[in-house]
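One structure is given here, and the rest of the page talks about it.
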Amino acid sequence: MIIEIDGYYHQVLLTGEKCSKKQLKQKYLKAKELTYEIQDFPNVFCRLFHFEQIQYDSDVEVDFVIDTDTDYIYSPS
Numbered sequence: 224m225i226i227e228i229d230g231y232y233h234q235v236l237l238t239g240e241k242c243s244k245k246q247l248k249q250k251y252l253k254a255k256e257l258t259y260e261i262q263d264f265p266n267v268f269c270r271l272f273h274f275e276q277i278q279y280d281s282d283v284e285v286d287f288v289i290d291t292d293t294d295y296i297y298s299p300s
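224 is the number of the first residue of the sequence shown in the numbering used here; add one for each residue after it.
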């Protein structure tokens, strides 16, 4: 599964074990709770849930987008 982290400070792609939108929301909230600086969010998320950061490419199809500015998680069309 590929997740795009989209926010003011970063645009990052992460890859890891497939999960539902509901599970992803829980993971997002847990990682956000443990993040002091929002710039560190992708690293915290990866450490907690064994995801890996991959090189950003806007042409890659992602399963979900996490908008850290609005806390909105969605599946792009």
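Beta carbons are placed, not taken as given, at the ideal position from N, Cα and C, and that holds for glycine.
Using DSSP with H/G/I as helix, E/B as strand and the rest coil, what is residue i?
i	result
residue 249	helix
residue 256	helix
residue 241	coil
Return the bridge partner residues of residue i from the DSSP annotation.
i	result
residue 297	288
Use the C-beta contact count for residue i: other C-beta atoms within 10 angstroms, 16 or more gives buried, fewer gives exposed.
i	result
residue 228	buried
residue 231	exposed
residue 250	buried
residue 247	buried
residue 277	exposed
residue 252	exposed
residue 283	exposed
residue 291	buried
residue 236	buried
Can you tell me where the alpha helix (DSSP H) holding residue i begins and where it ends?
i	result
residue 237	No alpha helix (DSSP H) contains residue 237, which is instead part of the beta strand (DSSP E) from 234 to 238.
residue 271	264 to 272
Starting from residue i, follow the beta strand (DSSP E) in both directions and report where the run begins and ends.
i	result
residue 275	275 to 277
residue 227	225 to 229
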